[in-house]
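In our numbering, the protein residues as written are 36 to 172. Beta carbons: idealized from backbone N, C-alpha and C, even for Gly. Reviewing the structure listed below.
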């Protein structure tokens, strides 16, 4: 079952642990989850997948943190999550308006996102980049 905008910090941490992602602090997650669109998939009372979108609610959105717990992958759940976010983003537009939706995909996941119309950014930029910032004590 799909649920919107009620992903909890504990659910987020539990899901990212299943795929070995870096763990943000609970404080960071509380702020992040208040300031983005979220969608989760619940099966038998347990959250087994989630995705979130960071958006300005007009022109630009970044889809982030799309995760399906490994034992539930390849069952169409990720497709449901992405379709939910894309429809919600599209519904905020007025007739004739466009909005760019970006994401950072793991190298082996690009074929999955291509099914939704995503293209490699190398069409107009050399490469996507990132850095981690850490405040030392």
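Original post:
Using a Cβ-Cβ cut-off of 7 Å (strictly less than) and excluding sequence neighbours within five positions of residue 104, which residues of its own chain qualify?
Top reply: 50, 53, 83, 84
**OP:** Out of 76, 68, 157, state which residue places its alpha-carbon closest to the alpha-carbon of residue 119.
**Re:** 76
Subject >> DSSP three-state assignment for residue 82, whether helix, strand or coil >> reply: strand
Subject >> Beta-ladder partner(s) of residue 38, from DSSP >> reply: 75
Subject >> Buried versus exposed, by CB contacts within 10 Å (16 or more), residue 100 >> reply: buried
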